[in-house]
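Protein chains in written order, with the numbering used here: chain A, 97 to 407; chain B, 22 to 401.
Please read the structure below before turning to the comments.
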């Protein structure tokens, strides 16, 4: 009866949790930069999908998955630019533009997939980024199997958490970025360009979402599958709110989602007598419960979703 | 010059004024620009846009069967578009229509096969069951927004995934609604719960009439009833509404209840009129397209029907386009997104278009957002 319990290896589970958390973390960090600058970005999901596809194209034609990642990042800059231009210059409704990007994220990869490979829904297998074995770290007990051998993009995501925190809260750039999200008019009067800071936020958001998408397609897997992000961009948004627009808080939220996801997969493999669907739904239920509990404190930047008209 | 309306009296978060920003002319301009941009994309990939658009048109309206398929895909889009529009009219972005559709379909299927009721009554109960589950599922984010100030975009998305999980469990192996056999579907519904097919040789059901009837109801509700007026006032300006003695908390929950109910009936009609059983993914993303339908339909019931017919035609035409022109049927998603982009550029196009509009006088007084003066007048 306890067979399934033994089959659940905790270190393997935590290593899987970290892998599952990574794409969500990229999306959450992307959401933070965009929203801190005052631009809502619900198009993260679409940005991730387009990058995931672009990364596979890059890896397929060059044989080098890193070039794929670079191509993905370039696509993130492009989708970020579209979002920024529509929301900042044209002052279009930010939720509508994000919805448009999400729809294009479904359509464009599938359109190009049929054009390039003449097949639907799934690309051929491409070169992927192998896991790195970090010398000393990998040999440690317990921590070694969890942290010692992961994709470099997992490490990058983990490094980006303190880096983003530092950038946002300890540098003049971060202060300016946050100021245009909270008080754009005041920021403008002290000589901060609202447009430039918002462009920075949204473009960073595109790049980060793109890294998350590329991680999925050329590191986690080695191919693109239609709508492979499966809502991770939206979960990233939830993690961002959960973590109160703070990279460190978002990390913990992502680890929670990642753990629930890994647990669900492991439980299914070990035939645990709980319907896997309930484990699948768990992170979403937890999010709502946590938001109900955390309210009052989780206040978004004051000027999110409000277009700014130049004085 | 600082924008005083934003600087001195910031609007409550979530109360957005979308009601007047997309005009009919903008819709036409947006669709035309999108088709041109789509043609350019096709040319880049050395495709003949005329051939592709022709295949799309043939596939959407070329024969009795394809025309029926267009109406068939338009039906859930009308309900879904109305759902999103009612939310927006109250300043709420209901991104949970897909989940509401799935649960509506699930409950309608259950009533359809498990409760042997007399003909007529059975169909009605199944439709009502699907509507009610959707309404309550939609009311949850309404409640969370009203009393816990949690943004409805997050909660409606979360509830989608919870709804998918519930539905998946119900028809998975060992699930309570699983039919005998290999496939993860519910048993077939009884004949007494089926919507009538109205065009021989096609799958078109009387669901399209229900959709049109509900459209009239929603129009009447929004523009001819006190409650509908209050709903729009809250969407227009939640603070002013409170000032005028309207409970924005109640209206938020109520609007989401109606919106969710419209999502639920979309799923019910789809199951009772097309598939006759519930299976996972019976909705190919109607709930997401519904957002585009509502926005393109200017958040007006009549506009929603027009936009639903357009997107329904794109959807049904895409099959023929893929077969005849060897273009992925998902090309229509690109077109849809382009239509959204070009109509969303409203702010820059607005001054130009408004001048045209006032001359053409296309906007009837009933659908214009209530003005501050009107508000004070009606307040009691």
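We put the CB at the ideal spot given by N, CA and C, even for glycine.
Evaluate residue i with the Cβ neighbour count: other Cβ atoms within 10 Å of its Cβ, from every protein chain shown; 16 or more gives buried, anything less gives exposed.
i	result
residue 216 of chain B	buried
residue 394 of chain B	Unreliable placement is indicated for residue 394 of chain B, whose pLDDT of 47 sits below 50; the coordinate value is still reported in the next sentence. Exposed is the call here.
residue 105 of chain A	exposed
residue 121 of chain A	buried
residue 205 of chain A	buried
residue 251 of chain B	buried
residue 222 of chain B	exposed
residue 189 of chain A	buried
residue 85 of chain B	exposed
residue 71 of chain B	exposed
residue 267 of chain A	exposed
residue 269 of chain A	exposed
residue 392 of chain B	Per-residue confidence for residue 392 of chain B stands at a pLDDT of 47, beneath the threshold of 50, marking its modelled position as unreliable; the derived number appears in the next sentence. That one is exposed.
residue 115 of chain B	buried
Heavy atom of the ligand PLP less than 6 Å from the Cβ of residue i, yes or no?
i	result
residue 147 of chain A	Among the components of this structure there are no ligands whatsoever, and the ligand PLP is therefore not found.
Let me check understanding here. Comparing Cα to Cα, which of the options lies closest to residue i?
i	options	result
residue 274 of chain B	B:290, B:255, B:261	B:255
residue 165 of chain A	A:124, A:185, A:308	A:308
residue 125 of chain A	A:363, A:335, A:360	A:335
residue 20 of chain B	B:270, B:318, B:214	The requested residue 20 of chain B does not occur in the structure, where chain B is confined to residues 22 to 401.
residue 154 of chain A	A:171, A:139, A:140, A:141	A:171
residue 159 of chain A	A:225, A:185, A:192	A:225
residue 118 of chain A	A:405, A:131, A:332	A:332
residue 133 of chain A	A:352, A:277, A:348	A:277
residue 74 of chain B	B:320, B:60, B:108, B:118	B:60
residue 174 of chain B	A:405, A:404, A:387	A:387
residue 151 of chain B	B:279, B:365, B:50	B:279
residue 210 of chain B	B:135, B:238, B:266, B:188	B:135
residue 91 of chain B	B:224, B:186, B:194	B:224
residue 283 of chain B	B:78, B:68, B:158	B:158
residue 153 of chain B	B:311, B:289, B:80	B:289
CA-CA distance, residue i and residue j?
i	j	result
residue 165 of chain B	residue 395 of chain A	15 Å
residue 232 of chain B	residue 343 of chain B	29 Å
residue 218 of chain A	residue 321 of chain A	5 Å
residue 201 of chain B	residue 371 of chain A	19 Å
residue 141 of chain B	residue 298 of chain B	18 Å
residue 196 of chain B	residue 155 of chain B	21 Å
residue 341 of chain A	residue 304 of chain A	15 Å
residue 323 of chain A	residue 264 of chain B	46 Å
residue 66 of chain B	residue 251 of chain A	38 Å
residue 326 of chain B	residue 98 of chain B	8 Å
residue 248 of chain B	residue 242 of chain B	7 Å
residue 300 of chain A	residue 319 of chain B	33 Å
residue 307 of chain B	residue 314 of chain A	30 Å
residue 271 of chain A	residue 294 of chain A	12 Å
residue 240 of chain A	residue 385 of chain A	33 Å
residue 197 of chain A	residue 133 of chain B	38 Å
residue 302 of chain B	residue 369 of chain A	25 Å
residue 223 of chain A	residue 317 of chain A	10 Å
residue 115 of chain A	residue 236 of chain A	19 Å
To which residues does DSSP link residue i through a beta bridge?
i	result
residue 230 of chain A	Residue 230 of chain A pairs with nothing; no bridge assigned.
residue 226 of chain B	B:218
residue 206 of chain B	B:300
residue 321 of chain A	A:218
residue 373 of chain A	BP columns for residue 373 of chain A are empty, so no partner.
residue 279 of chain A	The partner list for residue 279 of chain A (beta bridge, DSSP) is empty, contrary to what the question assumes.
residue 245 of chain A	A:229
Taking only beta-carbon positions, decide if residue i is within less than 7 Å of chain A.
i	result
residue 322 of chain B	no
residue 277 of chain B	no
residue 366 of chain B	yes
residue 169 of chain B	yes
residue 357 of chain B	yes
residue 316 of chain B	yes
residue 23 of chain B	With a pLDDT of 35 at residue 23 of chain B, under the threshold of 50, the predicted position of this residue should be treated as unreliable, and no value is reported.
residue 295 of chain B	no
residue 186 of chain B	yes
residue 423 of chain B	With chain B covering only 22 through 401, there is no way to say anything about residue 423 of chain B.
residue 134 of chain B	no
Could you confirm whether any beta carbon from chain B is found closer than 7 Å to the beta carbon of residue i?
i	result
residue 295 of chain A	no
residue 196 of chain A	yes
residue 207 of chain A	yes
residue 189 of chain A	yes
residue 377 of chain A	yes
residue 145 of chain A	no
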